[in-house]
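Those protein sequence lines, which keep their order, are chains A and B. Per the UniProt record's numbering, numbering of the first sequence is gapless, rising by one per residue and ending at 401. Per the UniProt record's numbering, numbering of the second sequence is gapless, rising by one per residue and ending at 401.
Number of protein chains: 2
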Amino acid sequence: MTVYQATVSAPVNIAVIKYWGKRDTKLILPTNSSLSVTLDQDHLRSTTTSRADESFERDILWLNGKEDPIKEGGRLATCIGEMKKLRKQYEDANPNEPKISSYRVHIASNNNFPTAAGLASSASGFAALVSSLAALYKLPSSPSELSLIARQGSGSACRSLFGGFVAWEMGSATSGTDSLAVEVAPREHWPEMQALVCVVSDKKKGTSSTSGMQRTVETSTLLQHRIREVVPKRMEQMIRAIKDKDFTTFAEVTMRDSNSFHAVALDTDPPIFYMNDVSRAIIATIVEYNRASVAAGGPVKAAYTFDAGPNAVIYALEKDMAEIIRLVCYFFPQGVSFEDPMGVFPSGVQSGVPEGFDVNVVKVAETGSVSRLIHTRVGGGPRVLDDSKETLLAQDGSLKV
Amino acid sequence: MTVYQATVSAPVNIAVIKYWGKRDTKLILPTNSSLSVTLDQDHLRSTTTSRADESFERDILWLNGKEDPIKEGGRLATCIGEMKKLRKQYEDANPNEPKISSYRVHIASNNNFPTAAGLASSASGFAALVSSLAALYKLPSSPSELSLIARQGSGSACRSLFGGFVAWEMGSATSGTDSLAVEVAPREHWPEMQALVCVVSDKKKGTSSTSGMQRTVETSTLLQHRIREVVPKRMEQMIRAIKDKDFTTFAEVTMRDSNSFHAVALDTDPPIFYMNDVSRAIIATIVEYNRASVAAGGPVKAAYTFDAGPNAVIYALEKDMAEIIRLVCYFFPQGVSFEDPMGVFPSGVQSGVPEGFDVNVVKVAETGSVSRLIHTRVGGGPRVLDDSKETLLAQDGSLKV
C-alpha cells in the first residue's frame with residue numbers, strides 16, 4: 001500500500017516594511033505592500049508532515065504535539081481546502097495520477113523555537129503547511145502561486161514561501177489573485193545580512209495583531225497617509241537598497257518603517273503599544289551605536305525593527321555582528337549563556353562597548369530583561385526534507401510521540 | 001521716591017489639542033493651532049515680581065532663587081524687550097506718564113511646584129513674566145495682545161494668559177501678529193472640569209520639547225498629515241464640545257490627540273518616546289475605566305493626556321474625580337499620603353476599583369511609580385497680587401531671601 005506523505009520545513013520572516021491593516025479580512029488582502037528578510041531555517045523553522053490516506057475519517061492537525069481544531073470556514077480549513085482543489089486540478093490534467101485529492105489529511109507541525117519567545121510562528125507555520133501539502137500533492141505550483149494560499153492562513157506567511165528578500169505585493173484585485181509574494185533577491189545576493197533576535201519579556205498581555213490592525217484601520221487618522229504616501233515610496237527605496245546592497249539605506253528605511261508602524265498602532269483608539277521600556281532601551285542603544293560610528297566617519301551598522309510585540313530584531317552585516325552582540329550583552333546582561341550557533345565567540349562573549357559609544361545614553365538593564373538572543377542570518381525558502389528521517393507522523397498516520 | 005513694581009501670578013495650562021512643531025523657530029510660530037485648559041492657580045502657579053528702576057545697571061532675572069542669565073537675542077531678552085517697547089508706545093501716547101521704559105528691570109520668579117515634578121513651568125513662567133511687566137507698565141494691552149509676546153518666550157505660554165478654555169490660533173502671517181491666544185470659554189462656563197496630575201518618575205532623560213519638535217518637523221512622514229488634516233478637524237470638534245459641555249467628545253478628542261502627538265514623536269528619526277511603561281499602565285487603567293462605565297450604560301468619565309514627558313494629566317468632571325483618585329491609588333500605590341487640597345477625602349483615600357472594572361487588565365504598580373498626585377480644576381487667568389504682601393524682591397530691588 002502506497003503512503004502519500006511529505007515533510008517540509010519553512011522559515012520565519014521578519015518584515016522591514018511592515019504589514020499592518022487588511023482591506024479584506026476574509027481573503028487577507030493587505031492595505032499596503034510589505035517586504036521582509038527570510039531567516040535561516042538552520043536556526044528558526046516550522047516543520048510539517050502531511051499525509052493523505054483513504055482510511056482517514058477527518059482532517060486532523062497537530063500543532064506542537066497537540067490537536068488544533070480545524071474550524072469550518074476558518075483559516076486552516078481554507079488553506080487545506082485550497083490545496084486539495086489544486087491537487088484536484090492536477091489530477092484532472094494528469095489522469096494517471098492517484099486520486100488522493102478526495103482523501104482526508106493528517107498534518108503534524110512543530111516549531112523549533114518556543115512559543116514563549118514571542119516570535120510570529122504563524123508565518124513559518126502556514127508556509128510549512130502549504131509547502132508540505134504541495135510536496136505531498138506533487139503540485140507544479142510556483143512559490144508565488146502557493147503564497148496566494150498561505151496568505152489566506154496568515155498574511156505574512158506568504159512571504160515565507162521564498163528565501164532571501166521577499167516582497168508581498170498588495171495587489172488590487174478584489175479576488176486577491178494578485179496579492180502574492182515575489183522574490184526581490186535570493187539569499188546568495190547578500191549573504192552577509194544577519195539578524196539578532198532579542199527576546200524581550202513583557203508583563204502586559206499584548207493585543208493580537210489580527211484585532212489590533214483592524215482597530216487601526218477603523219480608528220487611526222494617520223494610517224491612510226502611511227498606506228498611500230509613505231509605504232509606496234519606502235518599498236521602492238528598500239528594493240533599490242537591497243539590489244544595491246546599500247546597508248545604510250536598508251537600515252534607515254527599516255528603522256523608520258518600524259517606528260511608523262508603531263506610530264499608527266499608538267494612533268489607534270484605544271492606543272496599541274507593543275514596545276515597552278526594554279524595547280525603548282534597545283532602540284536607544286542602536287541609535288547611539290550608529291551615531292558613534294557615523295561620528296567617527298563610519299557607516300550606519302545596525303537596524304532595529306519590532307513586530308507586534310516587545311522583541312527586537314537587529315539586522316546587521318556579518319562583519320559587525322560580533323561587536324553588536326557584545327554591545328547588547330553589555331546593556332542587557334544575559335541570565336543564560338549566549339547560544340552561538342555560528343561560532344562567533346569560541347571562548348564565550350566578552351560584553352563590551354565600542355570606542356566612541358557614550359555609555360551614559362543607556363542604562364544597564366536588569367539581568368534577563370532580554371531573556372534570550374538568537375543569532376541568525378538571511379536564509380532560503382521552504383525545504384522538502386527526507387520524510388523517512390524527519391516525519392512527524394507515526395506509521396499508522398497518527399501523531400508520532 | 002516712587003517704586004515701580006508689580007507682582008503677578010500666572011497659571012499652568014495643559015493642552016488637549018497638542019502643539020508640536022514650529023514653522024518659525026525664532027518667532028515661535030506653530031505648525032498647527034492648539035487648545036488647552038488653564039489649571040487653578042490655587043494649586044499650580046508661577047509668581048513673578050518685576051521692578052523698573054533708574055538705578056539698576058542691567059536687567060536681571062532670578063528663577064526660583066537663582067539668577068537665570070538673560071542672553072542677548074534669547075527668549076527672555078526678546079520678551080523683556082517687547083514689553084519695554086509697548087511701554088514706550090504707551091509713554092509716547094501719554095506724555096504725563098513716567099518714562100520708565102528706559103529703566104533696567106529686576107525680575108524674580110518662583111514656581112510653587114517642584115521642577116522635579118516635570119510639569120511644564122515655562123508656560124506659567126513666561127505668562128507671569130509678561131503679565132507682571134504689563135502690570136508694572138500699566139499697559140492697556142488685552143490678554144491676546146500680551147499672548148503675542150509670551151508666545152515668543154515659550155509657545156504654550158501664550159495660552160496661560162487666559163483662564164478657562166483657551167485656543168492658540170496658529171495664524172498665517174509671517175510676522176506672527178495673528179498667532180495668539182483667544183478665550184474659548186471662561187472657567188465659569190464649565191467649572192466642573194477638574195484635573196488629576198499623575199507625576200511619573202522616569203529613569204531616562206527625555207528629549208527637550210524644543211529640539212524634539214524640530215526633529216519631528218524635519219523627519220516625520222506623518223506630521224504633515226496631522227497638521228493639515230487631523231488637527232483642524234479636532235479644533236472644531238473640541239471648541240464645539242467645550243461650548244456644549246459635552247464631556248464624552250471632549251474626552252475622546254483629548255485622548256486621541258494625545259496619542260496622535262506621541263505617534264508623530266515616535267515617527268521621528270531617531271524616534272522620541274515620552275511615555276514609559278507606567279504611562280502605558282495609566283492609559284490602560286483609564287481605557288478600562290471608561291469601558292466599564294460605557295458597558296454599564298454610563299458615560300465616558302475620564303480622559304488622559306500626556307505632554308513631552310511621562311506624567312499623565314487626567315481630566316474628569318467633579319462628580320467622578322473621587323472615584324478616579326481611588327482607582328489611581330489602587331493601581332499606583334502612593335508612597336506619600338494624597339494631598340487633598342479640595343477636601344474630597346476628609347478621612348483619607350480608600351483606594352478601590354469601581355463596579356464592573358476588570359482588575360486583570362492592569363497590574364498593580366510598584367509603590368511610588370506614580371510619585372505624586374495633584375488634584376486641581378479649571379482656573380482663571382493671571383492675577384495681579386498685592387505687591388506689598390507678595391513681592392519677591394527686597395526693598396532695595398535685590399532678590400528677597
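Glycine included, every Cβ here is placed at the ideal spot set by N, Cα and C. From a predicted model like this one, the values you see are computed outputs, not experimental measurements.
- Counting C-beta pairs closer than 8 Å gives fewer than three between the stretch 392-400 of chain A and the stretch 337-355 of chain A, which falls short of the contact rule.
- With contact defined as three or more Cβ pairs closer than 8 Å, the stretch 211-226 of chain A and the stretch 322-330 of chain A are not in contact.
- In this structure the stretch 81-97 of chain B does not lie against the stretch 21-38 of chain B, because fewer than three pairs of beta carbons, one per stretch, are closer than 8 Å.
- Rounded to the nearest angstrom, the Cβ distance from A:Ala135 to A:Ala6 is 4 Å, consistent with a contact under 8 Å.
- In the structure shown, B:Ile282 falls within a helical segment according to DSSP collapsed to helix, strand and coil.
- The stretch 136-156 of chain B makes no contact with the stretch 217-230 of chain B, as fewer than three CB pairs between them are under 8 Å.
- The C-alpha of A:Ser172 lies about 43 Å from the C-alpha of B:Ile242.
- B:Gly352 and B:Phe331 have their C-alpha atoms some 9 Å from each other.
- Excluding sequence positions up to five before and after B:Ile283, its CB lies within less than 7 Å of the CB of Tyr304, all in the same chain and listed in chain order.
- Residues of the stretch 204-222 of chain B with a Cβ closer than 7 Å to any Cβ of chain A, in chain order: Thr221 and Leu222.
- A Cβ-Cβ distance of about 5 Å is found for the pair B:Leu133 and B:Ser50, placing them in contact under the 8 Å criterion.
- Between B:Val12 and B:Leu385, the gap from beta carbon to beta carbon reaches 9 Å or more.
- Look at B:Arg234 here: in three-state DSSP terms it is helix.
- At a beta-carbon threshold of 7 Å, the residues of chain B lying near A:Pro271 are Asn259 and Ile283, ordered along the chain.
- The stretch 271-346 of chain A is shown to contain whole beta strand (DSSP E) runs of 3 or more residues at 302-306 and 312-317, in chain order.
- Within chain A, the residues placing a beta-carbon under 8 Å from that of B:Leu266 are Asn259, His262, Ala263 and Leu266, ordered along the chain.
- Around the beta carbon of A:Gln350, fewer than 16 other beta carbons sit within 10 angstroms, so the residue counts as exposed.
- As DSSP reads the structure, B:Arg45 sits in a beta bridge with B:Pro11.
- No Cβ of chain B is located within less than 9 Å of the beta carbon of A:Val182.
- At least one CB of chain B lies nearer than 9 Å to the CB of A:His225.
- Residue nearest to A:Val200 within the set A:Asn311, A:Phe113, A:Leu266 and A:Trp190 is A:Asn311 (criterion: CA-CA distance).
- Judged by DSSP in its simplified three-state form, A:Asp267 adopts coil rather than helix or strand.
- Of A:Arg372, A:Ala322, A:Glu169 and A:Asp387, the smallest CA-CA separation from A:Leu119 is found for A:Arg372.
- Interface criterion not met: the Cβ of A:Asp246 is under 9 Å from no Cβ in chain B.
- Membership of B:Ala108 in the beta strand (DSSP E) is indicated by the continuous run Arg104 to Asn111.
- When Cβ-Cβ separations below 9 Å define contact, B:Arg256 makes contact with chain A.
- Annotated as distal: A:Ser260 and B:Asp387, with beta-carbon spacing of 9 Å or more.
- Judged by DSSP secondary structure, B:Thr367 falls outside any beta strand (DSSP E); it is assigned neither H nor E.
- Cβ-Cβ separation between A:Cys158 and A:Leu180: approximately 6 Å, consistent with a contact (criterion under 8 Å).
- None of the residues of the stretch 47-65 of chain B has a beta carbon lying less than 8 Å from any beta carbon of chain A.
- A:Asn276 reaches chain B at Asp277, counting residues in chain order whose Cβ is nearer than 7 Å.
- Cα atoms of A:Glu192 and A:Glu145: separation of roughly 29 Å, rounded to the nearest angstrom.
- The C-beta of B:Arg240 comes no closer than 9 Å to any C-beta of chain A.
- The alpha carbon of B:Glu252 has as its nearest neighbour, out of B:Met83, B:Val300 and B:Met1, the alpha carbon of B:Val300.
- When the Cα atoms are used, A:Met1 and A:Gly380 turn out to be separated by approximately 34 Å.
- Judged by their CB atoms, A:Ser131 and A:Thr48 are nearer to each other than the 9 Å cut-off.
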